[in-house]
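What follows is a single structure, written as C-alpha cells, with notes after it.
Chains as they are written, first to last, in this note's numbering: chain A, 50 to 306; chain B, 5 to 18.
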C-alpha cells in the first residue's frame, strides 16, 4: 500500500508540466526512497530523471516498491484540478490499477479526490554513469530560459563552450549568427541573480536547441539551473526541487562523424 | 554537419 502526503502539492504540478511535452507516458517508481521517474523522449535523444525523496513528504508509507504507469497528459489533467497551495495525498493499493489523488485546500474547507487509471508501460531503464564534469555552470533559471528562447529564433543548433572567460552560447541560421556569453557573477545583490562557473577544463558541445528549450519548462521549479558538461557526453541540465529532490534532463550531443 | 546521437549511445540499458 502507498500513502504519500505532500504539503507543497504545487511542486508536483510543476514537475509534471515540465516533462509532459517531452514524454507522453512514463512509469513512476515508488519505493521507500520516494518517487522516481526515468524516461526518454520518443526520439531517444534526451532522458529525464526525477527523484522526489520520501522525506519531502509529511507522511510517506510504501509497503512494497511499485511501478505506476501513467499517461502524463492525463496526470497533468488531474493535477490541474488541484489548487497551487493544496496539500496532495496519493494513495494506491499494491496490486491495484488505479491511483487516487486527494487535494485539500490549505484552509481545509475543500477536499476533492480523483482516481487515475494506471497502465502497463514497457520502459527501458538506462544506467547513468557517475561523471566528472569538465564544466559546471549554475545560472538563474530565467536567464537559461531566455537564452534558449532568444537563440531558437535564430537557429536550430547551439554550441555551448565553456572557457575561463565564461560560457558562450552560439547559434546561426538564415538570419545570421548569435552569441550570448554568461560570465561568473557571485557578487550580485540578490542570490537569485548569481552565476557560478566551475571550470576544470575547457569544453565545447553542440546540441539541438529545441530540447534545451523544452527543458526550460521546468523554470518555475527553481531559481537556478545547473548545466554540467564533459567532452562528447550528454549535458546534464538540473533543476533542484527545493531540498526535496531533483529534476534532471540529459541531452545527447551532436557529434561530427 | 554534426549528427545527432541517441542518448542510448551513452547510457546503457541496465
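Just so you know, even glycine gets a beta-carbon here, dropped at the ideal spot from N, CA and C. Quick caveat, the model's predicted, so the values are computed rather than measured.
Cβ separation of residue i and residue j, assumed to be a contact under 8 Å, to the nearest whole Å
i              : j              : result
residue 118(A) : residue 168(A) : 5 Å
residue 133(A) : residue 59(A)  : 4 Å
residue 81(A)  : residue 103(A) : 6 Å
residue 243(A) : residue 235(A) : 6 Å
residue 298(A) : residue 289(A) : Not really, about 13 Å apart at Cβ, beyond 8 Å.
residue 301(A) : residue 283(A) : 5 Å
residue 277(A) : residue 185(A) : 5 Å
residue 268(A) : residue 201(A) : Their Cβ separation, rounded to whole angstroms, is 15 Å, which puts residue 268(A) and residue 201(A) out of contact at 8 Å.
residue 281(A) : residue 17(B)  : Not quite, the Cβ-Cβ distance comes to about 20 Å (not below 8 Å), so this is no contact.
residue 187(A) : residue 275(A) : 5 Å
residue 128(A) : residue 217(A) : Incorrect: roughly 38 Å between the Cβ atoms, too far for contact.
residue 54(A)  : residue 149(A) : That belief does not hold up - the Cβ atoms of residue 54(A) and residue 149(A) are roughly 12 Å apart, past 8 Å.
Close beta carbons around residue i, own chain, < 6 Å, minus the five adjacent residues each side
i              : result
residue 88(A)  : 72, 75, 97
residue 303(A) : 255
residue 180(A) : 279
residue 68(A)  : 97
residue 94(A)  : 301
residue 46(A)  : Shown here, chain A extends from 50 to 306; a query on residue 46(A) therefore has no answer.
residue 220(A) : 200, 203, 204, 207, 227
Local conformation of residue i per DSSP, three classes
i              : result
residue 191(A) : helix
residue 157(A) : coil
residue 51(A)  : strand
residue 260(A) : helix
residue 204(A) : coil
residue 198(A) : helix
residue 249(A) : coil
residue 311(A) : Chain A is shown from 50 up to 306; residue 311(A) falls before or after that span and cannot be answered.
residue 224(A) : coil
residue 74(A)  : strand
residue 212(A) : strand
residue 180(A) : coil
residue 268(A) : helix
residue 88(A)  : strand
residue 239(A) : coil
Contact with chain B by residue i, beta-carbon distance below 8 Å
i              : result
residue 287(A) : no
residue 74(A)  : no
residue 220(A) : no
residue 299(A) : yes
residue 255(A) : yes
residue 176(A) : yes
residue 273(A) : no
residue 94(A)  : yes
residue 217(A) : no
residue 303(A) : yes
residue 173(A) : yes
residue 282(A) : yes
residue 179(A) : no
residue 89(A)  : yes
residue 306(A) : yes
Paired residues, beta bridge with residue i - DSSP
i              : result
residue 108(A) : 54(A)
residue 115(A) : 79(A)
residue 139(A) : 53(A), 150(A)
residue 8(B)   : 303(A)
residue 164(A) : 149(A)
residue 297(A) : 98(A), 287(A)
residue 31(A)  : This structure gives no information on residue 31(A), because the portion of chain A shown stretches from 50 to 306.
residue 277(A) : 185(A), 285(A)
residue 120(A) : 74(A)
residue 217(A) : 210(A), 230(A)
residue 254(A) : 209(A)
residue 128(A) : The partner list for residue 128(A) (beta bridge, DSSP) is empty, contrary to what the question assumes.
Other residues of its chain near residue i: CB distance less than 7 Å, five sequence neighbours each side excluded
i              : result
residue 265(A) : 193, 194, 197
residue 125(A) : 65, 66, 69
Sequence-distant residues of its chain with Cβ nearer than 8 Å to residue i (five each side left out)
i              : result
residue 112(A) : 50, 51, 143
residue 70(A)  : 263, 266
residue 175(A) : 87, 89, 96
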